[in-house]
Structure formats: C-alpha cells, structure tokens
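Order-wise, the sequence lines are chains W, V and B.
Residue numbering for the first sequence follows our numbering, starting at 66 and increasing by one per position.
Residue numbering for the second sequence follows our numbering, starting at 281 and increasing by one per position.
Residue numbering for the third sequence follows our numbering, starting at 2 and increasing by one per position.
Here a beta-carbon is modelled for each residue, glycine too, at the ideal position from N, C-alpha and C.
Working notes for the structure below.
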Amino acid sequence: MSDPAALITVDDLRTIFRTGEEVARAVDGVSFSLRAGETLALVGESGSGKSVTALSIMRLLPMPPAQIVGRRIVFADRGTEQDLLTLTERQMRRIRGRRIAMVFQEPMSSLNPLLTIGEQIAEGLRLHLGLSRAAAAERACELLARVNIPDPVRRSGEYPHRLSGGMRQRVMIAAALGCNPALLIADEPTTALDVTIQGQILELLRSLQQELCMAMLFVTHDLGVVSEVADRVAVMYAGRIVETGSRAEILSAPRHPYTKALLGSVPRRRSARRDPAARLPAIPGQVPSAAQLPPGCTFAPRCGLAIPACTAARPALQPIAGAHAVRCIRWRET
Amino acid sequence: MAAYILRRLAGMIAVMFIVATLVFAIAHIIPGDPAGVMLGPSATAEDVAALRTRLGLDRPLPEQYVRFLGAAVSLDLGQSIFLGRSVLQALGERAPLTLLLTGMAAALAVLIGVPVGVLSAVWRGGAFDQAGTALSMVAASLPSFWIGLTLIEYLAVRWHEFPVAGYGAPGAGLLEHMRFLVLPAIAVGLPNTALITRFTRTSMLDVLHEDYVRTARAKGLHPATVVIKHAFRNARTAVLTVIGLVVAGLIGGAIVTETVFGLPGVGNLVVSAVLRRDYPVIQGALLVISGIYVLVNLGVDLLYAVLDPRVRY
Amino acid sequence: MARVTVAVSPGLLLLHRLLRRRLAAAALLVLVAVLAGGLLAPWIVPYAPQRMDILHRLAAPSRLHWLGTDEFGRDVLTRIVYGARLSLLVGGLVMLVATGCGLLLGLLAGYVRRLDGVLMRVTDALMAFPDILLAIALMAALGPSLIDVVVALATVQTPRVARVVRGAVLVLRELQFVEAAEALGATDARVMRVHLLPNLISPLVVQATFIFAAAILTEAALSFLGAGVPPTVPSWGNMIAAAQLYMQQADWLILAPGIAILLTVLSLQVLGDGLRDALDPRLRRLMR
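Dropping the structure here:
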C-alpha cells in the first residue's frame with residue numbers, strides 16, 4: 066500500500082507496553098499513509114490505540130514501559146526519506162515541533178502554568194528557526210493574531226490560567242504551527258471544549274491547514290467531528306485498523322460491524338456530545354484488554370455476526386473498492 | 281499583593297501569640313516552685329523568695345501571663361539567672377555563629393539535595409536513583425551528633441584536614457570562621473539533605489507526568505530544557521515548602537551539633553541553660569528560634585506569590 | 002480473566018504484600034531481631050549491664066566481648082541490647098501516645114469546623130519549635146525519668162499526627178458515603194467511628210512507623226545532651242555521650258551504638274515506605 070506521493074507512511078506499527086510479566090499490545094500492526102494537505106481521521110473508542118499511534122509517530126511515549134517493536138514510519142519531507150523509528154533522539158528532536166507538530170486533548174493542562182503564553186510559543190521559534198528573542202516574541206504575537214486571539218500583544222505576556230479552554234487551545238495551535246510543520250497531529254483537540262468552541266477550533270484548523278498545505282492526522286472518538294474535517298478515515302479497534310476509506314465511504318457505506326455499531330450510536334443532537342453517557346457506543350460487551358487480546362478478529366466476542374472462522378485466524382484488511390478496505394471476513398454479508 | 285502580605289502577617293502574629301503562650305505554659309508546668317528548682321536544694325529560703333520576687337513568681341498567674349506577653353512584645357526577654365546579663369544580650373552574642381552554621385548547613389542541603397532529587401526523578405529506577413535513594417535513607421536515619429563525632433574522629437583527628445573543635449579566634453574573618461564550621465555544617469546538613477532529596481524527587485515525579493511536560497517534549501526541546509525550564513519550575517514551589525519546614529530541623533541539628541564541636545552558639549547556651557534550669561534563657565531561646573522559623577516561612581509564602589502567578593493575592 | 006478470589010484477612014494480605022518487597026521484608030526482619038533482643042535482654046546477654054571489669058576497660062572487640070568494653074570495662078554488646086530495650090520502649094510508647102492524641106485532635110479539627118482554626122494554629126506553633134529544642138525545654142520543666150521523656154517526645158510528635166489525620170478527614174468528608182451518612186442524620190460521633198476511623202487506619206499506621214523512628218532519634222539526642230534518662234541507664238545516646246572522651250582509643254564505643262541507631266531507624270523508615278506502598282493506593286492521596 067506504499068504511496069509514492071505520501072508525506073508519511075506508517076508501516077505495520079506495533080507498540081507494546083511491558084508491565085512486569087504482562088505485555089499489552091496497544092498498537093498491533095497499524096499501517097496508513099498521508100499526503101501533504103490531506104486529513105486522515107483516526108477514529109476509535111478510548112483504549113483503541115489511536116492516541117498511542119499518534120504518540121508513537123512523535124516518539125513521545127515513556128520508554129519503558131512502552132516499546133515500539135515494528136516496523137517503519139517513513140517520513141518523506143523536503144526530498145529526503147527518513148525512518149522515524151531509526152533516528153537518534155537528537156535527530157528526532159529536530160523533527161519534533163519543526164516538521165511534525167502536535168496539539169493535545171487537554172488545553173487546561175497542556176500549557177505550562179508558570180510560563181507566559183508568548184514564551185511558550187516563542188521558545189520553539191528560537192530553537193528551530195534560530196530567531197532572536199525579540200523576533201520570536203514578535204512572531205509569537207503574529208501567530209496569536211492568526212489564531213484569532215484578540216489583543217495579542219497583551220495576551221502574550223499573560224499566564225495560561227487567565228485564559229479560557231478555547232483560548233488555550235488556540236495558543237496550543239499557534240505554538241504548534243509556528244515553524245510551518247509539514248504534519249500536524251491533533252489528538253482529540255476539541256474533546257475538552259464546549260460545542261460552540263469546538264466548531265470554531267475545527268474551522269481554524271481547517272483554514273490553517275489549507276493556508277500551510279499541511280497534512281493532518283486527526284485523532285478523535287467523535288464521528289460528528291470526523292464528518293467536518295476528514296478527507297479519509299481509519300477506524301481503530303483494539304490496536305488495529307478495522308476499516309479505512311474516504312469520509313463518504315466510511316460514514317455512508319460502512320462495512321465493518323464495529324463501524325456500523327459506532328455510527329448507529331452517534332447521538333442525534335450534537336449538543337448531546339458533551340454528555341459522557343451519550344458518547345459511549347451502545348455495543349454489548351467491552352473493548353478487550355490490550356494484554357489479553359482474543360485470537361483472530363478482536364471484535365468477534367462482541368460481534369453479532371461472529372462465526373467460528375472469525376476467531377480462527379487474524380483477518381486481513383481486504384480491499385472493497387478503491388481505498389476502501391475492511392478487516393472482516395464477512396464484510397459481504399454485513 | 282499588600283492584602284496578601286497583611287493576611288500572612290496576621291497569621292504569623294496569631295501563631296507567635298500561641299507560641300508565647302506555650303512558652304509561658306512550659307515554664308509553669310514544673311511541679312513545685314520553679315525558683316526552688318532553679319537554685320537547687322542548697323539555697324536558703326531568702327534566696328528563693330528573692331528570686332521569686334525578681335521573676336514575678338509571687339504574683340497571680342494571669343498577671344504573670346500578661347506581663348510575660350507584654351515583655352515578649354517589646355523583646356524584653358528578662359535576665360539570665362546564671363550569666364549575669366539579659367537574655368537578649370546572651371542570645372545576641374551567640375546568634376551569629378548559629379545563624380552562620382544553619383545557613384551553611386542549609387546551603388549544603390539545598391545545593392546537594394535539590395539536584396540529586398531532580399536527577400533521581402529524571403532517571404527514575406536507574407542506578408543513580410537507587411544509589412541516591414539508598415544514601416538519603418541512610419542519611420535520614422543518622423543522628424547529626426553521631427555524624428559530627430565520626431567526622432571529628434576520621435576527618436579531623438586522623439587526617440588533620442579540618443579543625444577538631446572551636447570557632448577560631450574572636451577577631452577572625454568570616455572565611456576563617458567558616459572553615460571551622462565545615463564539619464559541623466556537614467553533620468547538620470546531611471540528614472536534612474536527605475529530606476530535601478526525597479521531597480524534590482517526589483515533587484519532580486509528579487510534575488514530570490504533567491501534560492505540559494509532554495507538550496514541551498513535543499516541541500523538540502532539549503531534555504535539559506524540558507527538565508529545568510518546564511518541569512523544575514513547577515516543582516520549585518513544593519521544594520520551597522520543604523526548605524521552609526526543614527529550617528526547624530536545621531536549627532535543631534545546630535543546637536545538638538554545637539555541643540559536639542564545642543561551638544559557643546545558641547545551642548550551647550540553651551543546653552547549658554537546660555542543665556542549670558535557667559528558665560528565662562530557655563524561654564527566650566524558644567521564642568527567638570520559633571520566631572525565626574515563622575519568619576522564614578513567611579518569606580517562603582511571599583516567595584510563592586512571586587514564583588507562581590496563580591497564587592491569589 | 003479467571004482470577005480466583007480468596008477471602009484473606011486484611012492483615013495477612015498486607016503482610017504478604019510487604020514480604021514480596023525484599024527490602025521491606027529485610028527491614029521487618031531487623032526490627033523483629035531488635036525487638037526480640039530488647040524483650041529477652043536479661044536472658045540472652047552474656048553479662049550484666051552494670052557489671053564493671055576495671056582490668057579489661059576499653060578492650061577491643063574479641064571473642065569474650067564481641068563489641069569490646071567501655072571505660073568501666075562494661076560489655077558493650079550487653080549495653081547495646083539493653084539500649085535497644087530502652088529505645089523500643091520509648092519509641093513504642095511515644096508512638097502510641099502521639100498517635101492516640103493526634104488522632105483525637107485531628108478528628109476534632111477535621112470534623113468540628115469551629116475547632117479547626119484554633120487547633121491548627123496550635124499545631125503550627127508547636128511545629129515552629131525544632132523537635133529537639135521543644136523536647137529539651139520540656140525535659141527541663143518535667144524531670145529525667147523515662148515517663149518524662151515519653152511525655153516530652155509525644156508532645157513533639159502529636160501535632161504531626163493531628164495534621165495528617167485532619168488532612169485525611171477533610172478528603173474523606175467529601176466522599177459520597179460520608180455525605181450520605183450525614184444526610185441520613187447520623188450523629189457526628191457515629192460518622193467518625195463507623196465511616197472515618199476505618200479509613201484513617203492506613204495513613205495512621207504509616208505515620209506511626211515514622212514517629213517511632215523520629216522518637217528513637219530524638220531520644221538519642223536527648224540522652225546525648227544529658228537531658229534524657231539518667232546517664233547511668235544504658236541508652237544509645239548515653240553510650241555515645243560517654244564515649245566522646247575515649248573515641249580516639251576505642252572507636253567501637255561510638256560506632257556500635259551509632260550503627261544500632263542507624264539499623265533500627267533505617268528499618269523503620271524502610272518499613273514505613275513499604276507499608277505506604279503496600280497499603281491501599283488511595284493512601285497516596287490521603288497522605289498529601
């Protein structure tokens with residue numbers, strides 16, 4: 066599935082966590098690729114491995130207990146190809162924040178409470194772009210203005226606790242985009258925010274993405290958000306991609322029983338999304354523990370269509386049409 | 281800010297009022313007549329009566345209490361029974377040595393304890409962390425006076441690296457005085473270094489798990505920048521708290537260690553006052569030392585407000 | 002997912018979890034040995050603690066005197082074992098008294114809002130004195146007996162327990178089951194006894210271990226300064242104080258009691274840490 070035009074190609078990514086004797090396979094053979102300017106939404110419940118996938122690309126997981134055992138993450142940036150998994154820590158630091166940037170879920174806790182907002186944006190600019198203190202401060206104010214923060218000069222001297230959650234997420238975005246990265250990884254960037262603010266942040270991300278011609282890996286559990294930002298979608302379950310395709314294919318013609326169940330459980334009214342109970346898919350059973358994955362199809366224990374063959378062997382990702390592929394042996398019958 | 285300082289000052293005055301009450305109470309829980317106890321069994325009845333009058337012990341208890349508080353406010357700590365001078369004067373003569381010793385021990389404890397604690401947290405579970413944790417457990421289990429004695433035995437007597445005892449000639453310079461205080465400062469500082477190390481390590485471990493530390497790493501910052509600029513900045517208020525609390529332990533260690541090294545400081549004064557039951561000196565020392573502790577912690581509280589923009593004034 | 006759940010008493014479970022940690026198990030072993038030595042002192046030591054032997058004064062460690070003899074020719078090992086007895090007695094009593102009083106004051110402060118301010122200011126004031134200074138000042142006012150030492154040291158440690166208990170109570174009070182009990186009209190005394198006390202045991206046990214250790218250290222300092230038990234009583238602090246004059250000829254006189262203190266206190270601290278880790282994980286929150 067290697068795409069010659071891809072900016073980043075994740076090839077059979079496997080991330081495990083060792084705790085004592087237990088080995089939890091949090092990401093169990095994930096592959097996808099992403100082109101410049103394109104948005105891929107990585108969708109799944111909590112514990113599906115989507116955030117671990119994102120952090121594996123950045124190599125930000127605590128090691129130990131985490132360990133990336135497979136296989137390659139090829140980053141083809143500015144004419145050179147590099148396998149992120151074989152880079153030294155020093156080489157990786159030149160990519161983090163400069164070529165691949167990340168925005169996190171919790172704007173309330175992701176900003177350092179004891180540093181001014183301006184400083185938190187400027188430090189990356191000084192490091193990666195070699196800007197002087199004054200130039201970096203000036204550029205930080207421009208970035209704050211670009212993410213629609215009013216009165217940026219005054220705000221840049223303030224501390225995060227004076228800002229609302231939505232404003233803080235704008236600051237995070239400004240800090241992430243300061244060096245014009247080729248890839249932005251957004252890990253549930255809107256989950257912690259009010260619904261009205263969510264829309265604004267999504268709109269901001271989308272316009273900035275177009276402006277900078279940046280690829281975006283958008284990690285979310287929220288199919289409503291997916292429909293607003295994604296070009297393509299990959300649905301994750303228990304550490305594996307179970308279905309992938311264009312936004313339209315996944316949202317209107319899902320083939321995997323899990324994707325169908327997930328779509329069936331999307332609350333009708335968007336305002337209900339803030340209610341944690343409404344977020345949970347009404348699928349019987351639980352996501353299996355990454356330390357004790359069932360044999361064969363990991364969704365089989367919860368699947369209404371499961372037959373003995375489902376648990377016999379691990380199903381492969383089977384192409385349906387074009388880029389649409391599904392990891393289910395009974396997809397024709399769904 | 282002014283309101284914040286005022287509130288802290290008011291709290292400090294409340295605590296000092298209770299401190300003074302406790303100090304007064306301690307001297308009055310003695311079974312029998314304090315004057316008789318002080319002068320010993322060989323004293324005549326006239327001497328005892330005279331001392332009672334001099335100390336105001338012949339007056340009713342509430343009146344004694346009010347007089348004591350009034351005197352304490354005006355820093356009149358009374359007369360020593362054995363030294364032939366005022367308690368304040370005696371304390372004033374001895375204070376510089378004890379303050380210098382406490383300061384040196386504090387510097388040692390902070391300069392070793394904080395970096396070791398930070399590095400232990402960063403390299404959690406590694407060889408450095410395990411060695412540091414083991415050593416600080418041992419250091420926290422040793423009495424400072426015993427450390428002092430072994431230092432004298434093995435560093436001063438056998439190797440002649442440091443003076444065995446004393447404080448240098450009265451007119452000696454600060455550096456010369458400090459040379460005499462190196463071993464005592466190690467003895468006082470070591471157990472407190474251990475406390476600061478362990479506490480710094482715990483606070484750093486908490487902070488290193490915070491989301492903003494991950495954000496800093498995601499920016500591609502150097503690990504040293506992440507640890508010092510982003511993590512330690514957030515741990516230092518907690519570290520400051522424990523430094524404030526350790527001041528009591530440092531002064532306590534100084535009091536005991538002065539005896540070991542024959543240093544003419546407040547500790548020596550207090551210990552001999554206790555052995556001779558010179559109550560005015562004991563009371564005065566209790567008031568002054570707890571006052572210093574409360575002042576240091578007031579300073580810590582004010583530093584908080586400077587270091588952390590979130591502190592509400 | 003088949004995991005067999007067997008009903009075990011919480012004490013046994015704790016012991017099991019503690020013994021799984023090698024360090025805590027070793028500490029427990031040392032403490033049991035020190036305790037056994039202290040309890041059985043008269044039957045196991047080779048000599049009487051006050052027996053002098055002027056011909057063999059300041060004798061180096063040998064087969065006859067494993068840890069040598071002191072300036073009066075008394076057997077050091079014998080006196081160390083008797084010193085263990087005293088240290089454990091003082092430490093144990095201080096632990097009991099301070100935990101008991103601290104628990105009571107902490108419950109009152111945490112539960113009766115009107116008393117909270119006053120009680121906490123008093124503990125603030127008591128904690129403004131360095132431990133050893135408050136202890137010697139109290140000793141000057143009390144007397145040189147063992148009971149006086151216990152009273153002085155318990156006074157020093159009680160505020161610490163009270164603070165921990167109060168902090169834990171404030172956390173627990175916010176928990177739903179306590180709120181529910183209050184809403185159902187349970188009396189304060191009942192809420193404390195039935196709902197708070199059982200949850201306070203874990204932090205108290207850990208705190209008690211550390212107080213035991215602190216009391217042994219402060220007792221040694223009191224004896225060393227001559228403000229503790231009378232100098233003739235074999236206590237570790239007294240032994241070190243007496244040995245000061247002879248340490249150049251006989252450094253075992255300093256080393257033996259020092260190492261005895263180190264081993265005992267270190268074991269208590271390791272045990273306290275082990276207990277904190279082995280007990281309920283919620284404890285971490287309550288100990289803050």
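Residue pairing from DSSP places D148(W) in a beta bridge opposite V139(W). Only buried fits A202(W), as 16 or more other CB atoms lie within 10 angstroms of its CB.
Annotation for E308(W): the continuous beta strand (DSSP E) segment containing it runs 305–311.
For a Cβ distance threshold of 9 Å, residue set D491 of chain V lies close to E171(W), ordered along the chain.
In summary, the residues of the region 224–255 of chain B whose CB is separated from some CB of chain V by less than 7 Å are F225, L226, G227, A228, I241, Q245, M248, Q249, D252, I255, in the order they occur in the chain. If you look at A386(W), you'll find it isn't in any alpha helix (DSSP H); it sits in the beta strand (DSSP E) that goes 383–386. One finds A129, F130, P131 in chain B with Cβ atoms closer than 8 Å to the Cβ of Y573(V), taken in chain order. Chain W places a beta carbon closer than 8 Å to that of H510(V), counting this residue as a contact.
The region 197–209 of chain B and the region 30–45 of chain B do not touch, with fewer than three beta-carbon pairs separated by less than 8 Å. Taking 7 Å as the cut-off between beta carbons, the residues of the region 552–564 of chain V near chain B are V554, L555, R557, I562, in sequence order. The straight-line gap separating the alpha-carbon atoms of C393(W) and P380(W) is approximately 6 Å.
Distance from the CA of Q359(V) to the CA of I535(V), rounded to the nearest whole angstrom, comes to 21 Å. Identification of chain B residues near M417(V) by a Cβ-Cβ cut-off of 9 Å yields L267, Q270, V271, D274, ordered along the chain. Interface residue (Cβ-Cβ distance to chain V less than 8 Å): R397(W) is not classified as such. Residue-level contact by beta carbon fails for V468(V) and chain B, as no gap is shorter than 8 Å.
Chain V places no beta carbon closer than 8 Å to that of M128(W), leaving this residue out of the contacts. Taking one beta carbon from each stretch, the region 60–77 of chain B and the region 215–223 of chain B have fewer than 3 pairs nearer than 8 Å; the two do not touch. Any Cβ of chain W closer than 8 Å to the Cβ of T521(V) would place that residue at the interface, and such an atom is absent. M53(B) sits in coil when the DSSP states are folded into three classes, being neither helix nor strand. In this structure, the straight-line span from the alpha carbon of A303(W) to that of T324(W) is close to 13 Å. Residue environment for C368(W): buried (at least 16 other C-beta atoms within 10 angstroms of its C-beta).
In the three-state reduction of the DSSP assignment, I392(V) falls in the helix class. With distances taken between CA atoms, L226(B) lies nearest to M140(B) out of M140(B), L105(B), L24(B). The Cβ atoms of I262(B) and A99(B) lie no closer than 8 Å to each other. Counting other Cβ atoms within 10 Å of its Cβ, W426(V) reaches 16 or more and is therefore classed as buried. For M484(V), the CB contacts under 6 Å within the same chain, skipping 5 residues up- and downstream, are V398, A401, A515 in chain order. Assigned with DSSP and collapsed to three states, Y302(W) falls in strand.
The DSSP-derived three-state label of G397(V) is helix. Within chain V, the C-beta atoms nearer than 7 Å to that of L218(B) come from P423, in chain order. Close to chain W, meaning a Cβ-Cβ distance shorter than 9 Å, are the following residues of the region 494–506 of chain V: R494, T495, A496, R497, A498, K499, G500, L501, H502, P503, T505. Residue state for R297(W) is assigned as strand, using DSSP reduced to three classes. Taking all protein chains shown into account, F178(B) has fewer than 16 neighbouring C-beta atoms within 10 Å of its C-beta and is therefore exposed. Along the region 331–342 of chain V, none of the residues has a CB nearer than 8 Å to a CB of chain W. The contact set of L566(V) on chain B, defined by CB atoms closer than 7 Å, consists of F130, L134, A138 in chain order.
The DSSP assignment places 172–175, 182–194 as complete runs of the alpha helix (DSSP H) inside the region 158–205 of chain W, in order along the chain (cut-off: 4 residues). Within the model, the alpha-carbon separation for C375(W) versus Q132(W) is close to 29 Å.
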